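One structure is given below, encoded as structure tokens.
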Amino acid sequence: MEIDENIQIFISEGEELLQDMEDALLELEASDNDDEVLGKIFRAAHTIKGSAGLFGFDHIIHFTHIVENVLDDMRNCLIPTSSELITVLMRSRDYMSSLLAGLSEDFEGDKSEEAELKQLLTAFKTGVTDPATCAPAQPDTAKPLAQDQLQQSDTDSTETEHYHISLRLGADTFRQGFDPASMFRQLADLGEVKEAVLIPQRLPVIDDLDPESCYLGWEIALKSDAKKEAISEIFGFLEGCELTVLAPQSQFAEYKHLIEQLPEEEMALGQILLQTGSLTSDELQMVLNQQKENIEAGELPSKNLTGDLLVENKVVQEEIVVEALNKQIKVREQKQKALTFVKVDSEKLDKLINLVGELVINGAKLDQISDGIANEELNEAMEGMTLALEDLREIALGLRMVPIGITFNRFHRVIRDISQELDKKIKLEIYGADTELDKTVIEKIGDPLMHLIRNSLDHGIEMPDERIRLGKPAEGTVTLQAQHEAGYITIQIIDDGKGLDADVLLQKGKEKGIVKENQELSRQDIYNLIFAAGFSTATEVSNISGRGVGMDVVRRNIESLRGNVFIDSELGIGTTITIQLPLTLAIIDGFNVSIDAESYIFPLDMVHECLTLTPSQVEEAGQHDYITLRNEVLPIVHLQEYFNNDPIDDAQRQQESESKRRNNIVVVQFSNKKIGLIVDELLGEVQAVIKPLGQVFKGLSGFAGFTILGSGLVALVLDVPSLIKRVVGDEHQRFDSLKKKSIQSKGNRNIH
Amino acid sequence: MTVISLQGDCTIYEIAQVQQQIEDNWKQGTDLELDVSAVLEVDVTFVQLLASCEKAAEENEQALKVTGPTKVLIDKIKAVFMQDYFVDVTAFE
Chain A
1 MEIDENIQIF
11 ISEGEELLQD
21 MEDALLELEA
31 SDNDDEVLGK
41 IFRAAHTIKG
51 SAGLFGFDHI
61 IHFTHIVENV
71 LDDMRNCLIP
81 TSSELITVLM
91 RSRDYMSSLL
101 AGLSEDFEGD
111 KSEEAELKQL
121 LTAFKTGVTD
131 PATCAPAQPD
141 TAKPLAQDQL
151 QQSDTDSTET
161 EHYHISLRLG
171 ADTFRQGFDP
181 ASMFRQLADL
191 GEVKEAVLIP
201 QRLPVIDDLD
211 PESCYLGWEI
221 ALKSDAKKEA
231 ISEIFGFLEG
241 CELTVLAPQS
251 QFAEYKHLIE
261 QLPEEEMALG
271 QILLQTGSLT
281 SDELQMVLNQ
291 QKENIEAGEL
301 PSKNLTGDLL
311 VENKVVQEEI
321 VVEALNKQIK
331 VREQKQKALT
341 FVKVDSEKLD
351 KLINLVGELV
361 INGAKLDQIS
371 DGIANEELNE
381 AMEGMTLALE
391 DLREIALGLR
401 MVPIGITFNR
411 FHRVIRDISQ
421 ELDKKIKLEI
431 YGADTELDKT
441 VIEKIGDPLM
451 HLIRNSLDHG
461 IEMPDERIRL
471 GKPAEGTVTL
481 QAQHEAGYIT
491 IQIIDDGKGL
501 DADVLLQKGK
511 EKGIVKENQE
521 LSRQDIYNLI
531 FAAGFSTATE
541 VSNISGRGVG
551 MDVVRRNIES
561 LRGNVFIDSE
571 LGIGTTITIQ
581 LPLTLAIIDG
591 FNVSIDAESY
601 IFPLDMVHEC
611 LTLTPSQVEE
621 AGQHDYITLR
631 NEVLPIVHLQ
641 EYFNNDPIDD
651 AQRQQESESK
661 RRNNIVVVQF
671 SNKKIGLIVD
681 ELLGEVQAVI
691 KPLGQVFKGL
701 SGFAGFTILG
711 SGLVALVLDV
721 PSLIKRVVGD
731 EHQRFDSLKK
741 KSIQSKGNRN
751 IH
Chain B
753 MTVISLQGDC
763 TIYEIAQVQQ
773 QIEDNWKQGT
783 DLELDVSAVL
793 EVDVTFVQLL
803 ASCEKAAEEN
813 EQALKVTGPT
823 KVLIDKIKAV
833 FMQDYFVDVT
843 AFE
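In the order they appear, the protein sequences are chains A and B.
Here the numbering used here is used: the first residue of the first sequence is 1, the next is one more, and so on.
Here the numbering used here is used: the first residue of the second sequence is 753, the next is one more, and so on.
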């Protein structure tokens, strides 16, 4: 199906609403029958249904309607909240999501799943009909408000002797041939319409009006002996209408719901309820009092017509109006907040950032040219432009930054589902959800994170009885945390499970032929085996993980984002997986150096200091792979050697030291590890637009990409974390081989 | 003051043209008088359209006067309890 822009917006907003719904469902499970949370879930479903109606997606309307009915009954305390019900609602949410996703492919959903869900939802709906049974499934998680309301049944009901009907007609009402006048006639047949107040808030002015669409709604007081069902039936075949029928002597809670759920943003429903006689002023006061309990004390609202009217008429006390208006203020604040956001196609942002990148390159070029022309005015203008360009770059890159919390929150659901599936008790703790990261990185990190978390849940966390036996709390904990660190963001997945057994891993590695019989591996290398292709230690393959496919992909995905992944583990205590990712992929502040007349760029965030070596240090550097810097040993790398892979003999090095070349050192730091890199010249700061290296250089490690300098020359951007890893790895290897040699020589001595 | 005379049936089948007629002729910044004496059949879409004019007039601090409403129109407005919404419909006075 051809998807037009409006449908795209419907799909993307629908997905957002479904995400809200999922979050709220999880919240509901944790907080029991929270009215506000239930309201949020209901509104999400309701909005999706309403929007689907605009496009005539009948299959979505139909299914969502069933879900909405169950949610409505939950709100009205007719169905108790239970873990089973939440599971069914979660599945329904997923199914709705699949319906949205299917729109682009004309796929109307998996009918067998739909039928099963319908059956389950209907079973819940018909299972409980007596409001008196509205108690949460587990007695220890009782909902205080609902129980209070039941206990105070004498004071909880209103004295209203008529039905109160709150009706908002659907947009297609007229087109379906329905005449609202006939609706009033039918109501009159059942009793007496005491009052009907038009709700004109949705009605647009004539220029914006679609005259065939219906925007009308009423609050109606009907005196009737008819059953509630008979009244509801009048509206039964009306599609897209919002209807609440409150029976005579309805509970306050139901009026409270009505006021809270009022679809019109600033409508004085309380006043209308008075006008229709549905509530007496005392009753309204009680309703508002109840609402007051639920509204946290906020700042005092500004004057409001409705409030003034109520106070002037001495209907309610001023402070009660103030509290009741808090909701309206919240709505208005939300509206204002919504107005300050603009949705932009991410492709446009990419184009903007590419253009800023081009500007940065050309700016650097101009800067260089202006340096060559001794013209004060030109230099001044150039300086101004450079500053503005820096700001522009910051802002442009900031546009793409999104908090990682959105990705993290998805895992609440994953943990809930998997712990149920595995019969394990697991809780998720999240820290640093506000940490911002480039949108592209966030999008690509979701899947690797999912895989790592599933692994932690499946292989890491033990069964509850096993945990108790080990003296651990029965409930396992998985912690997700994010934080910034020198131009990188660090994401950690920490579990308090059984940890990795290095011996088992090594054994498995040897069995699989990944590790050679006599190969010496550091502890870190052994842990890293789990990232090797085809490596899985799980004896049983489960749905969740254990297929041995994926961990290698996880590492590849992370590395393709210029990131790194490390594992630390303690047997019996738990495992920590650390992912380090660059904050942004596009433009960085760099530090330019030259080696053999070639330029190289270090990410400035990682440059700890730059030094010119003293003659004694030059000598030390010539003899060893370290220097002593302020009484500390600093490993050093001769970058010229490193890149050319052409060891210089001592004589040559000596000669070069004398010619005072290569006596500059850049100390870089990452993850508490420092190394010194010996370079020829320090050329200073530059803004570098990182461009990816082509396929030809795919296997090349140590480089993050390349950039074009102001001079038009190409400079390679160094990948400091991988350089440090390499150097530290080399050290380990050398240490291991030395240890081996020393053991061998000891052994040889013993033999002789 | 803009005076617009509407004629004939004003139901969902004609309502778009009626809206067009009002939009085309309502001079900006003037009060509006809708002469509906020649209107024959109506349904609620017409009542809604009148309400929408009322809303526009209110927002622009202008007046809307509906003159010569037929019994059919008045009955329809009353049938949907919308008589209180109109500030100035001659027959309600």
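No residue lacks a Cβ here, since even glycine has one placed at the ideal position from N, Cα and C.
Note that the structure is predicted; figures quoted are calculated from it, not measured.
List the residues of chain B that residue i touches, going by C-beta distances under 8 Å, in chain order.
i, result
"Asp207 (chain A)", "Glu775 and Ala808"
"Asp179 (chain A)", "Asp795 and Val796"
Is residue i helix, strand or coil by DSSP?
i, result
"Glu775 (chain B)", "helix"
"Asn564 (chain A)", "strand"
"Cys77 (chain A)", "coil"
"Ile826 (chain B)", "helix"
"Gly781 (chain B)", "coil"
"Val356 (chain A)", "helix"
"Cys805 (chain B)", "helix"
"Asn664 (chain A)", "strand"
"Gly710 (chain A)", "coil"
"Phe57 (chain A)", "coil"
"Leu457 (chain A)", "helix"
"Gln481 (chain A)", "strand"
"Met401 (chain A)", "strand"
"Gln687 (chain A)", "strand"
"Ile220 (chain A)", "strand"
Beta-carbon within less than 7 Å of residue i's beta-carbon, same chain only, minus the 5 sequence neighbours each way: which residues are those?
i, result
"Lys512 (chain A)", "Gly534 and Phe535"
"Lys660 (chain A)", "Residue placement at Lys660 (chain A) cannot be trusted, given a pLDDT of 49 that sits under 50; what the coordinates show is reported in the next sentence. So the list is empty, once near-sequence residues are dropped."
"His412 (chain A)", "Leu26 and Leu428"
"His65 (chain A)", "Lys49"
"Leu17 (chain A)", "Ala44, Thr47 and Ile48"
"Arg91 (chain A)", "Leu117"
"Pro144 (chain A)", "Confidence is the limiting factor: at Pro144 (chain A) the pLDDT is only 34, short of 50, which leaves the residue's position unreliable and the question unanswerable from this model."
For a contact defined as C-beta to C-beta under 7 Å, what are the partners of residue i on chain B?
i, result
"Leu605 (chain A)", "It should be pointed out that residue 605 (chain A) corresponds to Asp in this sequence rather than to Leu. Within chain B, no residue comes near Asp605 (chain A); the closest Cβ sits about 55 Å away, beyond 7 Å."
"Leu216 (chain A)", "Gln800"
Report the neighbours of residue i on chain A: residues whose CB is nearer than 7 Å to its CB, in chain order.
i, result
"Ala803 (chain B)", "Pro200 and Leu203"
"Ile826 (chain B)", "Those within 7 Å of Ile826 (chain B) in chain A number zero; the least Cβ separation is about 12 Å."
For chain B, check one thing: does any of its Cβ atoms lie closer than 8 Å to the Cβ of residue i?
i, result
"Glu212 (chain A)", "yes"
"Leu222 (chain A)", "no"
"Phe124 (chain A)", "no"
"Ala196 (chain A)", "yes"
"Phe184 (chain A)", "yes"
"Phe42 (chain A)", "no"
Could you name the residues of chain A that residue i contacts, counting a contact when the two beta carbons are closer than 9 Å?
i, result
"Met753 (chain B)", "Chain A residues near Met753 (chain B): none, gap ~17 Å exceeds 9 Å."
Are any of the Cβ atoms in chain A nearer than 8 Å to that of residue i?
i, result
"Phe833 (chain B)", "yes"
"Glu811 (chain B)", "yes"
If you drop the 5 nearest sequence neighbours on each side, which residues of the same chain put their C-beta closer than 8 Å to that of residue i?
i, result
"Ser594 (chain A)", "Tyr600, Val679, Asp680, Glu681 and Leu683"
"Glu793 (chain B)", "Asp761, Cys762, Thr763 and Val824"
Can you pull the chain A residues whose beta carbon is under 8 Å from the beta carbon of residue i, in chain order?
i, result
"Lys768 (chain B)", "In the sequence on display, residue 768 (chain B) carries Ala and not Lys. Neighbours of Ala768 (chain B) on chain A, chain order: Pro211 and Glu212."
"Gln771 (chain B)", "Ile206, Leu209 and Pro211"
List, in order along the chain, the chain B residues whose C-beta lies closer than 9 Å to that of residue i?
i, result
"Phe411 (chain A)", "By Cβ distance, chain B contributes nothing, its closest Cβ being about 48 Å from Phe411 (chain A), past 9 Å."
"Phe174 (chain A)", "Ile764, Ile767, Asp795, Val796, Thr797 and Gln800"
Leaving out five residues before and five after residue i in sequence, what residues of the same chain have Cβ atoms less than 6 Å from its Cβ?
i, result
"Glu421 (chain A)", "none"
"Ala52 (chain A)", "Ile60 and Ile61"
- prompt: Three or more C-beta pairs closer than 8 Å, one from the stretch 601-617 of chain A and one from the stretch 663-672 of chain A: is that the case here?
  reply: yes
- prompt: Taking three-plus beta-carbon pairs below 8 Å as touching, is the stretch 355-367 of chain A in contact with the stretch 388-397 of chain A?
  reply: yes
query: Can you find at least 3 beta carbon pairs, one from the stretch 768-781 of chain B and one from the stretch 170-181 of chain A, that sit closer than 8 Å?
result: no
- prompt: Just checking, does the stretch 218-226 of chain A make contact with the stretch 799-810 of chain B on the three C-beta pairs under 8 Å criterion?
  reply: no
query: Below 8 Å, can you find three or more Cβ-Cβ pairs linking the stretch 451-460 of chain A to the stretch 486-502 of chain A?
result: yes
Segment contact, 8 Å Cβ cut-off, at least three pairs: the stretch 5-20 of chain A with the stretch 93-104 of chain A: yes
message: Counting beta carbon pairs with one atom in the stretch 423-440 of chain A and one in the stretch 478-495 of chain A, are three or more of them shorter than 8 Å?
response: yes
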